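A.B. asks:
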Amino acid sequence: MAADDRTADTRPRAGDDLIRLSAADLAQALTGGEVSSVEVTQAHLDRIEAVDPAVHAFLHVSAEDALDTARSVDRARSAGEDLHPLAGVPIALKDIVVTRGQPTTAGSRILEGWIPPYDATIVTKIKAAGLPVLGKTNMDELAMGSSTEHSGYGNTHNPWDLDRIPGGSGGGSAAAVAAFEAPLAIGTDTGGSIRQPGAVTGTVGVKPTYGSVSRYGLIAMASSLDQAGPAARTVLDAAWLHQLIGGHDPLDSTSLTDPVPDLVGAARRGAAGDLTGLRVGVVTQLGGEGYQQGVLDRFHEALEMLTAAGAEVVEVSCPHFEHALAAYYLIHPAEASSNLAKFDGMRFGLRVEPTEGPVTAERVMAATRGQGFGAEVKRRIILGTYALSTGYYDAYYGSAQKVRTLVQRDFAAAFERVDVLVSPTVPTTAFRLGEKVDDPLAMYLTDVATIPVNLAGVPGISVPPGWPTACRSASR
530 MAADDRTADT RPRAGDDLIR LSAADLAQAL TGGEVSSVEV TQAHLDRIEA VDPAVHAFLH
590 VSAEDALDTA RSVDRARSAG EDLHPLAGVP IALKDIVVTR GQPTTAGSRI LEGWIPPYDA
650 TIVTKIKAAG LPVLGKTNMD ELAMGSSTEH SGYGNTHNPW DLDRIPGGSG GGSAAAVAAF
710 EAPLAIGTDT GGSIRQPGAV TGTVGVKPTY GSVSRYGLIA MASSLDQAGP AARTVLDAAW
770 LHQLIGGHDP LDSTSLTDPV PDLVGAARRG AAGDLTGLRV GVVTQLGGEG YQQGVLDRFH
830 EALEMLTAAG AEVVEVSCPH FEHALAAYYL IHPAEASSNL AKFDGMRFGL RVEPTEGPVT
890 AERVMAATRG QGFGAEVKRR IILGTYALST GYYDAYYGSA QKVRTLVQRD FAAAFERVDV
950 LVSPTVPTTA FRLGEKVDDP LAMYLTDVAT IPVNLAGVPG ISVPPGWPTA CRSASR
């Protein structure tokens, strides 16, 4: 894709060599004294200034804080202090991650201007490791959406084609990485919100095992499904970030106590190209009708690459995956309707008082939620409240939880036969902005292949099978 008025300007400029390095290569250059963290951070801030007016990946840029961290890392490195391997490598955070002293809105007008008094656990770990935080990225309001068109602060655009969506709900994080505005980013994945944006922007998105990364300080949407994870341009970069943010957190009651495995070592072994002995299962329910032919073609090419590398590829049936989408869109809205009850105009965030009549708690709540929440959030709150209402709980929410158990059993049975399961991440390539925004069902169907992983709590990753010719041209 040639650079034009609908493509993020990718013409060479000062710092281009730095912004196009992977996080691992940047870390090596920083450790070797070839470049300073201030130079690396400033190069990315310059890139944000140059292209983000068109991409709109960021809601807030914290330039001074990022440079202060970079200067601190440079001083510590010069003094010979022992630093984390990623120290000095910049990062962007999805705006659902609470950050002390910086705005956190979750893409919603109901939290406009809110400055949290504390950091999320993953932010604490990132800061302790010395990664300069570039800012907060755009997202679908309160993580409800698949295109970042439901943000209260405007659309994010796909850097490869500004007329197309960058995925959602974490489209801002994926777009920032794809546009070379940040080498690393944090997203959250409730039903595919890290992996689906990764798929449509040609980046790597990882949804970790539920509970393996702390949820403390993430604005909750669906508590049994939400999980923070990395967005990056390479699998190795994602592994480095995943290993940094993972681990037990006593502040999170759902946090696993298992030690973080050697994810970086696993990524390096995989990059060696020898997959002899690996058993790969192709999920028969996640393909065929509804999937674009081009998507299937690239997927089958990837399977051929796995076979050529020594893996054994077989078909695996997971029959209850067909019901996962319906179950998810009962469980998720039900949990969301409960979690969002705290946004009432009383304690924090937006407060709207009625223009007429008495100012009662109920009227303030109705006015605040009516003005502060967008259409998609209201839609899901109504659906979730209905599913939890007297007389319908067992028929809807209870039945959906039973389907969830069946999906978990499908995974367990499949993993007795194979080591990993594979499918296309999404059925289609990036669609045009506005194409599906008024068709909720069509939008929900984009998550059909990602949702089963969230229902089961198992990890998932989206890896681009290759760069289309257009993207290779645009990334020069």
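Numbering-wise (our numbering), the sequence shown opens with residue 530 and increments by one. Heads up, the beta-carbon is just placed ideally off N, CA and C, and yes, glycines get one too. Just so you know, these numbers come straight off a predicted model, no measurement behind them.
Buried or exposed for D534, going by 16 or more other Cβ atoms inside 10 Å?
C.D. replies: Interpretation of D534 is limited by its pLDDT of 49, a score under 50 that renders its predicted location unreliable; no figure is taken from the coordinates.
A.B. asks: Can you determine whether any heavy atom of the ligand NAP sits closer than 7 Å to the C-beta of Q930, and answer yes or no?
C.D. replies: Among the ligands in the structure shown, none appear at all, so the ligand NAP cannot be discussed.
A.B. asks: Return the CA-CA distance between I860 and E882, expressed in angstroms with no decimal places.
C.D. replies: 32 Å
A.B. asks: I need the boundaries of the alpha helix (DSSP H) containing K656, first residue and last residue.
C.D. replies: 650-657
A.B. asks: Kindly list the residues whose CB is nearer than 6 Å to the CB of K965, restricted to its own chain and excluding five residues on each side of it in sequence; keep chain order.
C.D. replies: A971, M972
A.B. asks: So, is K907 buried or exposed, given that buried needs 16 or more other C-beta atoms within 10 angstroms?
C.D. replies: exposed
A.B. asks: Smallest Cα separation from S928: which of A943, A853, L713, F940?
C.D. replies: A853
A.B. asks: Could you tell me the distance, in whole angstroms, from the CA atom of V793 to the CA atom of A768?
C.D. replies: 5 Å
A.B. asks: Is the Cβ-Cβ distance between T598 and P646 less than 8 Å?
C.D. replies: no
A.B. asks: Do the region 711-721 and the region 755-775 touch if we need at least three Cβ pairs shorter than 8 Å?
C.D. replies: yes
A.B. asks: Our contact map puts A616 next to V626 with C-beta atoms below 8 Å; I'd like the distance itself, whole angstroms only.
C.D. replies: In fact, because the Cβ distance is near 20 Å, the residues do not count as touching under 8 Å.
A.B. asks: Under 6 Å Cβ to Cβ from K896, same chain only, skipping five residues before and after it: list those, please.
C.D. replies: The sequence shown places Ala at residue 896, rather than the Lys named in the question. Same-chain partners within the cutoff: V881, P883.
A.B. asks: In whole angstroms, give me the CA-to-CA distance for S475 and L550.
C.D. replies: With the chain running from 530 to 1005 in the structure shown, residue 475 is simply not present.
A.B. asks: How many angstroms separate the CA atom of V888 from the CA atom of G746?
C.D. replies: 32 Å
A.B. asks: Give the DSSP-derived three-state secondary structure of H613 in the structure shown.
C.D. replies: coil
A.B. asks: Could you tell me the boundaries of the beta strand (DSSP E) in which R629 lies?
C.D. replies: Premise fails: R629 is in no beta strand (DSSP E) and is neither H nor E.
A.B. asks: When we look at the beta-carbon of K665 and count the other beta-carbons within 10 Å, is it buried (16 or more) or exposed?
C.D. replies: buried
A.B. asks: Which value, in whole angstroms, describes the spacing of the CA atoms of G776 and P790?
C.D. replies: 9 Å
A.B. asks: Could you say which of H771, N868, T677 lies nearest to S743 if we only look at CA atoms?
C.D. replies: H771
A.B. asks: Buried or exposed for L773, please, with buried defined as at least 16 other CB atoms from any protein chain shown within 10 angstroms of its CB.
C.D. replies: Around the CB of L773, 16 or more other CB atoms lie within 10 Å, so the residue is classed as buried.
A.B. asks: Keeping to the same chain, check which residues put their C-beta closer than 7 Å to that of F960; ignore five residues upstream and five downstream.
C.D. replies: R693, I694
A.B. asks: How is R880 classed by DSSP in three states: helix, strand or coil?
C.D. replies: coil
A.B. asks: Using alpha carbons as the reference points, say which of G740, G986, T975, S698 lies closest to D669.
C.D. replies: In terms of Cα proximity to D669, the closest of G740, G986, T975, S698 is S698.
A.B. asks: Quick check on the DSSP output: the alpha helix (DSSP H) that includes I577 runs from which residue to which?
C.D. replies: For I577, the enclosing alpha helix (DSSP H) covers residues 566-584.
A.B. asks: Take every Cβ of the region 813-820, pair it with every Cβ of the region 833-846, and state whether three or more of those distances are shorter than 8 Å.
C.D. replies: Using a Cβ-Cβ distance cut-off of 8 Å, the region 813-820 and the region 833-846 are in contact, since at least three pairs of beta carbons, one from each stretch, lie closer than that value.
A.B. asks: With C-beta atoms as the reference, is V567 less than 8 Å away from L555?
C.D. replies: no
A.B. asks: Go ahead and pull the three-state DSSP assignment for L785.
C.D. replies: coil
A.B. asks: For Y925, which residues of its own chain have a beta-carbon under 6 Å away from its beta-carbon, when the five flanking residues on both sides are left out?
C.D. replies: L859, A916
A.B. asks: With distances taken from CA atoms, which of T560, Q930, T958 is nearest A985?
C.D. replies: Q930
A.B. asks: Does DSSP put A483 in a helix, in a strand, or in coil?
C.D. replies: Lying before the first or after the last residue shown, residue 483 is absent from the chain, which here runs from 530 to 1005.
A.B. asks: Distance check for A865 and L804, CA to CA, integer angstroms please.
C.D. replies: 41 Å
A.B. asks: Just reading off the alpha helix (DSSP H) that R744 is part of, what are its end residues?
C.D. replies: Unbroken run through R744: none, as it is neither H nor E.
A.B. asks: So, helix, strand or coil for V811, using DSSP?
C.D. replies: strand
A.B. asks: Give me the Cα-Cα distance between I548 and A572, rounded to the nearest whole angstrom.
C.D. replies: 7 Å
A.B. asks: Quick check on K623: buried or exposed, where buried means 16 or more other Cβ atoms within 10 Å of its Cβ?
C.D. replies: buried
A.B. asks: Can you say whether T998 is buried or exposed, counting buried as having 16 or more other CB atoms within 10 angstroms of its CB?
C.D. replies: With a pLDDT of 39 at T998, under the threshold of 50, the modelled position of that residue is not reliable, and no figure is offered here.
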